[in-house]
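Chain order of the listed sequences is A and B.
According to numbering that gives the first Met the number 0, the stretch in the first sequence is residues 0 to 295, in order.
According to numbering that gives the first Met the number 0, the stretch in the second sequence is residues 0 to 368, in order.
Glycine is no exception: its CB is placed at the ideal position from the N, C-alpha and C atoms.
Remember, it's a predicted structure, so these values are computed and weren't measured experimentally.
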Amino acid sequence: MSARLARRDHRDAWLFLLPVIAVILLVAVWPLARTFFFSFTDAYLDEPSVYSMVGFDNFIEILQDRSWWIAVKNTLIFAAISVAIETVLGLAIALLLNSAIPGRGLARAAILVPWAIPVVVATKMWEWMLNDQFGVINKVLSGLGLVDHGIAWTASSSLIMGVVIFVDVWMTTPFMVLLILAGLQLISPEIFEAADVDGIPAWKRFWSITLPMLRPAIGVAVLFRVLDALRMFDLAYVLAASNENVMTVSIYARDRLISFQELGVGSAASTWVFLLVAFVAIIIIGVLRLDKAAGT
Amino acid sequence: MASVSLHSVSKSFGTHAVIQGVELQIDDGEFVVFVGPSGCGKSTLLRIVAGLVAPTDGVVAIGGDDVTDVPASRRGVAFVFQSYALYPHMSVARNIGFALETLGMAKEAVSQKVLSVARMLKVDHLMDRRPRELSGGQRQRVAIGRALVRQPEIFLFDEPLSNLDSDLRMEMRLEIARLHNDLKTTMIYVTHDQSEAMTLADRIVVLNHGRIEQVGTPQQLYHAPDNRFVAGFIGSPRMNFMGVSSQATAGRIVGAGNLSLALASSDLENPITEIGIRPEGLRLVAEGDGRMVCILERIEDLGHEHFGYCRISDDTVWVIRLPEAPSPDRIGKPVGLDFADAAVFAFAGDGRRIALAGLQKMAAEAPLP
Ligand SMILES: Nc1ncnc2c1ncn2[C@@H]1O[C@H](COP(=O)(O)OP(=O)(O)OP(=O)(O)O)[C@@H](O)[C@H]1O
Ligand SMILES: [Mg+2]
């Protein structure tokens with residue numbers, strides 16, 4: 000391609016990108032920039048126009064808050080455990096759905112149901128099922144004679160994190176299944192046939208062929224899910240509001256911003272959340288070498 | 000090394016019968032080629048031998064043992080796929096040696112073996128590359144190497160060369176022939192390509208609609224096809240056909256182009272309905288000479304050979320193979336066609352070939368009834 004032609008191509012490309020860039024500036028960059036700006040002020044939510052600059056004070060204040068570190072710990076535990084379970088479960092279900100079992104079309108559709116339910120609805124549903132007095136789960140457990148009185152799943156401080164992780168796994172494993180299944184279907188069946196004829200045992204086929212070839216798909220799915228989990232707000236908030244045992248960093252930021260009306264500190268908390276998510280994303284992309292894996 | 004035998008093997012996908020009652024005996028060390036039109040079931044039959052597809056019916060035996068229910072991994076066969084099916088995330092060396100890793104062989108011994116196979120196939124300088132960094136021919140060599148390293152009892156090839164250009168195809172064809180010569184292992188080879196089939200095969204199996212039309216040496220199939228399908232399928236360009244009417248009582252057959260052949264003997268039950276003559280069995284002669292007339296429509300000059308296209312009737316054009324190009328001003332003019340008695344193949348209404356004892360030329364001017 001001649002240099003002039005290439006230049007014209009570039010100009011056309013920019014022309015097509017312009018509307019998108021405008022929208023992104025408006026809905027993403029502008030609010031982010033505002034948040035970033037307010038995190039250096041002592042503004043309050045009731046009167047945001049009155050403020051003075053306070054430098055990095057807000058950022059430091061958050062780092063000195065014990066609740067923030069609890070929220071960070073909760074968020075990391077939640078993200079690590081739920082994504083790990085979802086990945087293993089998603090991989091297993093995808094492998095199952097990919098093999099030629101009868102009725103897999105129906106199973107494939109059915110598996111999507113939990114994902115299609117809005118988070119708030121699903122959470123409320125599970126909250127009711129887990130209720131210590133009227134919940135169906137306790138009813139079944141006591142019916143089987145496993146417990147003598149109902150367990151307060153969502154009230155007990157030691158159980159509630161488990162409940163949040165469980166509900167998240169229930170809701171988002173389908174997403175994992177779908178992404179991994181798409182990756183599985185990209186692998187030519189002849190590769191597995193070749194391994195079959197060559198007498199490669201099933202476990203080695205899985206470890207040395209299926210898993211490495213699925214790495215890009217699993218990597219992208221894990222990245223999506225981790226970023227999602229780190230920002231998690233709705234599930235824990237609907238289930239336990241500001242309960243410190245499951246308070247995530249997003250809930251912490253919301254509390255500072257809305258409950259305490261601290262626009263400056265809340266914005267700083269939001270900025271910390273953003274930095275945390277970005278940091279983890281960079282690590283994951285680096286570790287999984289997603290940028291390179293795309294070609295294989 | 001092992002023999003292969005298929006006994007009344009059938010395969011249906013749903014209600015679609017893809018392989019129907021195949022009987023085939025392949026001897027130890029034989030090179031057998033499956034040919035047939037697209038979709039006739041060649042790959043399916045090969046996969047049945049490999050154990051990748053389970054037959055609906057029938058018995059598959061390898062080396063005399065019934066292996067119908069034995070999984071592919073324990074049949075001692077190696078399969079070379081049309082798409083090569085190399086492991087994309089592994090180096091060439093690991094691709095070749097992967098099957099040996101699980102056999103509990105020492106690392107040293109594995110790499111020794113891989114290297115010797117790679118040398119033999121001239122891919123030893125590519126050992127660290129990934130498949131996507133190889134050319135088509137190199138990928139094919141690696142795929143063959145992967146099969147070779149296991150020293151299988153039987154090699155199965157499913158159109159291994161069809162993704163290569165014609166030069167490379169010729170080169171790889173020679174190498175596969177050499178391989179068979181050196182190893183003397185039983186090989187079954189599926190192809191679309193006539194010349195591959197004719198040059199590689201000890202015996203060719205012609206398939207059509209999931210049935211075997213004929214099994215025989217390349218020469219048998221060419222010179223003595225059992226039926227019209229095989230006659231039309233083997234040979235390139237294909238045999239020229241023409242419908243004829245038998246006048247059994249008059250002891251002759253007639254057809255377009257003033258064709259009129261006297262039969263030495265005739266079978267009243269099974270009249271000849273069609274004849275065929277190969278392009279190389281026809282000679283172009285002056286108008287009025289020869290045994291047929293036609294209009295020369297077009298000449299194709301391929302340098303080393305020439306083809307003439309002759310219109311015999313409104314819907315019949317025959318191809319003639321010519322030793323040298325005729326002068327261009329014969330195009331569009333009537334010409335004569337001549338052929339030897341032995342060049343004529345005759346077919347009955349059901350497609351079976353009828354052996355002809357001898358033909359007599361009738362005067363072309365003889366009044367047609
Ligand atoms: N898994 C399958 N399910 C349903 N039908 C199939 C399946 N595999 C093959 N067929 C059908 O069986 C027939 C034979 O297929 P096969 O692949 O054996 O043909 P082929 O002779 O190898 O053709 P080609 O020369 O094009 O490779 C085709 O009509 C095909 O559509
Ligand atoms: Mg095929």
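Open item on the list: Counting only beta-carbon separations shorter than 8 Å, does leucine 163(B) have a partner in chain A?
Closed with: no
Task: Enclosing beta strand (DSSP E) for threonine 34(A) [first to last residue] - done: Element bounds for threonine 34(A): not the beta strand (DSSP E) but the alpha helix (DSSP H), 29-37.
Open item on the list: ligand 1 and phenylalanine 12(B): does any heavy atom of the ligand fall closer than 7 Å to the residue's C-beta?
Closed with: Yes, the beta carbon of phenylalanine 12(B) sits closer than 7 Å to at least one heavy atom of ligand 1.
- [ ] Look up isoleucine 252(B) in the DSSP assignment and give the residues it is bridged to.
- [x] Ser245(B) and Leu260(B)
Open item on the list: What does the alpha-carbon distance come out to for the pair isoleucine 20(A) and histidine 9(A)?
Closed with: 15 Å
Task: serine 98(A) at chain B interface by Cβ criterion, 8 Å - done: Taking 8 Å as the threshold, the shortest C-beta distance from serine 98(A) to chain B does not fall below it.
Open item on the list: Threshold first: 4 residues or longer. Then list the alpha helix (DSSP H) segments lying entirely within the stretch 132-179 of chain A, N to C.
Closed with: Entirely contained in the stretch 132-179 of chain A, the alpha helix (DSSP H) runs reaching 4 residues are, in chain order, 135-142.
Open item on the list: Quick check for students: name the residue ranges of the alpha helix (DSSP H) that lie wholly in the stretch 9-87 of chain A, counting only runs of 4 or more.
Closed with: 29-37 and 56-62
Task: Per DSSP, cross-strand counterpart(s) of leucine 321(B) - done: His305(B)
Task: tyrosine 221(B) - containing alpha helix (DSSP H), residue span - done: 217-222
Task: phenylalanine 346(B) classed as buried or exposed, judged by whether at least 16 other C-beta atoms fall within 10 angstroms - done: buried
Open item on the list: Assuming contact is defined by CB atoms lying nearer than 8 Å, are aspartate 199(B) and phenylalanine 33(B) in contact in what I supplied?
Closed with: The sequence shown places leucine at residue 199(B), not aspartate. No.
Task: Closer than 7 Å at the beta carbon, the chain B residues around proline 200(A) - done: Those are Thr101, listed as they occur along chain B.
Task: isoleucine 294(B) - DSSP class collapsed to helix/strand/coil - done: strand
Open item on the list: Please determine whether the Cβ atom of serine 42(B) lies at a distance below 7 Å from any heavy atom of ligand 1.
Closed with: yes
Open item on the list: Quick test of the definition: if touching needs 3 or more C-beta pairs under 8 Å, does the stretch 210-222 of chain A touch the stretch 79-93 of chain A?
Closed with: Yes, since at least three Cβ pairs between the stretch 210-222 of chain A and the stretch 79-93 of chain A fall closer than 8 Å, the two stretches touch.
- [ ] Check the DSSP bridge columns for aspartate 337(B) and list the partner residues they point to.
- [x] Arg282(B)
- [ ] Using 7 Å as the cut-off, classify the Cβ of glycine 287(B) as near or not near the heavy atoms of ligand 1, replying yes or no.
- [x] Because no heavy atom of ligand 1 lies under 7 Å away, the Cβ of glycine 287(B) does not count as near it: no.
- [ ] Ignoring anything shorter than 4 residues or poking outside the stretch 204-260 of chain A, list the alpha helix (DSSP H) runs there in chain order.
- [x] 210-229, 233-239 and 248-253
Open item on the list: Between phenylalanine 78(B) and chain A, is the shortest Cβ-Cβ distance under 8 Å, so that the two count as touching?
Closed with: yes
TODO: Take every Cβ of the stretch 12-25 of chain B, pair it with every Cβ of the stretch 201-214 of chain B, and state whether three or more of those distances are shorter than 8 Å.
DONE: yes
Open item on the list: On a Cα-Cα basis, can you pick out the residue from Ile187(B), Asn180(B) and Ile298(B) that is closest to isoleucine 319(B)?
Closed with: Ile298(B)
Open item on the list: For the stretch 253-265 of chain A against the stretch 37-56 of chain A, do three or more pairs of beta-carbon atoms, one drawn from each stretch, fall closer than 8 Å, so that the two count as touching?
Closed with: Yes, the stretch 253-265 of chain A is in contact with the stretch 37-56 of chain A.
Open item on the list: Determine, for histidine 191(B), whether the minimum Cβ-Cβ distance to residues of chain A falls below 8 Å.
Closed with: no
Open item on the list: Within 10 Å of its beta-carbon, does tryptophan 206(A) have 16 or more other beta-carbons around it, so buried, or fewer, so exposed?
Closed with: exposed
- [ ] Go ahead and label leucine 155(B) buried or exposed: buried means 16 or more other beta carbons lie within 10 angstroms of its beta carbon, across all protein chains shown.
- [x] buried
Open item on the list: Quick check: serine 141(A) and glycine 149(A), are their CB atoms within less than 8 Å of each other?
Closed with: For serine 141(A) and glycine 149(A), yes; Cβs fall inside 8 Å.
Open item on the list: Less than 8 Å between the C-beta atoms of isoleucine 136(A) and leucine 129(A), yes or no?
Closed with: yes
Task: Contacting positions in the stretch 163-196 of chain A - beta carbon closer than 7 Å to chain B - done: Ser187, Glu189, Ile190, Glu192, Ala193, Asp195 and Val196
Open item on the list: Quick check on valine 66(B): does DSSP put it in helix, strand or coil?
Closed with: Three-state result, valine 66(B): coil.
- [ ] Could you tell me if the beta carbon of aspartate 127(B) falls within a distance shorter than 7 Å of some heavy atom in ligand 2?
- [x] no
- [ ] Give the range of the alpha helix (DSSP H) segment to which arginine 140(B) is assigned.
- [x] 135-147
Task: Short Cβ contact (8 Å threshold) for tryptophan 152(A) with valine 139(A) - done: Going by beta carbons, tryptophan 152(A) and valine 139(A) fall outside the 8 Å limit.
- [ ] Return yes when at least one heavy atom of ligand 1 lies under 7 Å from the C-beta of serine 37(B), else no.
- [x] At least one heavy atom of ligand 1 is nearer than 7 Å to the Cβ of serine 37(B), so yes.
Open item on the list: Using beta carbons (cut-off 8 Å, strictly below), is leucine 51(B) in contact with chain A?
Closed with: yes
- [ ] Compute the minimum distance between the beta carbon of histidine 191(B) and the heavy atoms of ligand 1, and state whether it is under 7 Å.
- [x] yes
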